[in-house]
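Notes follow the structure.
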Amino acid sequence: MIKIRLWAALWALTTLALSLLLFGSPVVKIGLPIALALSSLCLVAIVPFNARKPGARIRVALGCALYSLGTLVALGVAIVQQAPLPLAALVLLFALFGFFLTGWAWFTRNRQRRAGYFDRED
61 MIKIRLWAAL WALTTLALSL LLFGSPVVKI GLPIALALSS LCLVAIVPFN ARKPGARIRV
121 ALGCALYSLG TLVALGVAIV QQAPLPLAAL VLLFALFGFF LTGWAWFTRN RQRRAGYFDR
181 ED
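With the sequence shown counted from 1, adding 60 to any position gets you this note's numbering.
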């Protein structure tokens with residue numbers, strides 16, 4: 061689960077960087093950067109917590125799913141605003157990566173940690 065949380069942290073920072081770049085763009089109205097920033101906060105919320113128990117792992121999957129839904133809303137905003145096609149494709153790419161993170165988190169939610177598997181006794 062640590063790998064998922066690390067990827068979520070990197071992707072949240074990437075999404076925030078994109079929303080900041082779009083905030084200063086004259087082509088895009090304010091709704092798209094706000095939707096992207098709010099969706100990235102869903103990933104930021106799950107990053108600092110250790111997810112060793114099944115309930116915490118489900119919360120990680122839920123945070124990734126909320127990010128995916130938020131980026132789909134941002135894609136809808138981009139389509140309504142008639143944003144340029146490369147920008148809409150970029151937002152779609154972000155949504156697809158969110159779905160990838162969601163699937164990864166969902167399918168690894170029941171894994172058990174093997175205590176002592178890599179530990180050596182001295």
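Using N, Cα and C, we set each Cβ at its ideal position, and we do this for glycine too.
Relative to the C-alpha of L228, which residue among G91, F157, V133 is closest?
Because the chain here runs from 61 to 182, residue 228 falls outside it and cannot be looked at.
Decide if the stretch 109–124 is in contact with the stretch 161–168; the criterion is three or more beta carbon pairs, one per stretch, under 8 Å apart.
yes
Relative to the C-alpha of L96, which candidate in T131, Q142, A138 has its C-alpha closest?
The residue you call residue 96 lines up with position 36 of the sequence shown. With distances taken between Cα atoms, L96 lies closest to T131.
Closer than 6 Å by C-beta to I90: which residues in its own chain qualify, once you throw out the five before and the five after it? Chain order, please.
Residue mapping note: residue 90 aligns to position 30 of the sequence shown, counting from 1. Excluding sequence neighbours, I90 sits near nothing in its chain.
Spatial neighbours of Q141 within its chain, please: CB distance less than 8 Å, with the 5 preceding and 5 following residues excluded, ordered by chain position.
Here residue 141 refers to the residue found at position 81 when the sequence shown is read from its first residue. Shown here for Q141: same chain residues with a beta carbon closer than 8 Å to its own, the five before and five after excluded, namely V88, K89, G91, L92 in chain order.
Straight-line gap, I94 to L76 (C-alpha atoms, nearest Å):
Here residue 94 is taken as the residue at index 34 of the sequence shown, counted from 1. Here residue 76 is taken as the residue at index 16 of the sequence shown, counted from 1. Cα to Cα, I94 sits roughly 10 Å from L76.
Spatial distance of K113 from A72 (CA atoms)
Within the sequence shown, numbered from 1, the residue matching residue 113 stands at position 53. Within the sequence shown, numbered from 1, the residue matching residue 72 stands at position 12. In a straight line, the C-alpha of K113 is about 23 Å away from that of A72.
State yes or no: is the C-beta of M61 within less than 8 Å of the C-beta of A111?
Counting from 1 along the sequence shown, the entry for residue 61 is found at position 1. Counting from 1 along the sequence shown, the entry for residue 111 is found at position 51. Yes, Cβ-Cβ distance for M61 and A111 is below 8 Å.
With H, G and I counted as helix, E and B as strand and the rest as coil, what does DSSP make of I118?
Working through the sequence shown from its first residue, we reach residue 118 at position 58. Looking at I118 - three-state DSSP - the assignment turns out to be helix.
Endpoints, the alpha helix (DSSP H) within which I62 is located
Along the sequence shown, one-based indexing puts residue 62 at 2. Looking at the DSSP string, the run of the alpha helix (DSSP H) that includes I62 is 62–83.
What's the gap between the Cα of R169 and the Cα of G115?
On the sequence shown, residue 169 is found 109 positions in, with the first residue counted as 1. On the sequence shown, residue 115 is found 55 positions in, with the first residue counted as 1. One C-alpha to the other measures close to 9 Å.
Using 10 angstroms around the beta-carbon of S85, count the other beta-carbons present and answer buried if the total reaches 16, otherwise exposed.
Here the question's residue 85 lines up with position 25 in the sequence shown. Exposed is the call here.
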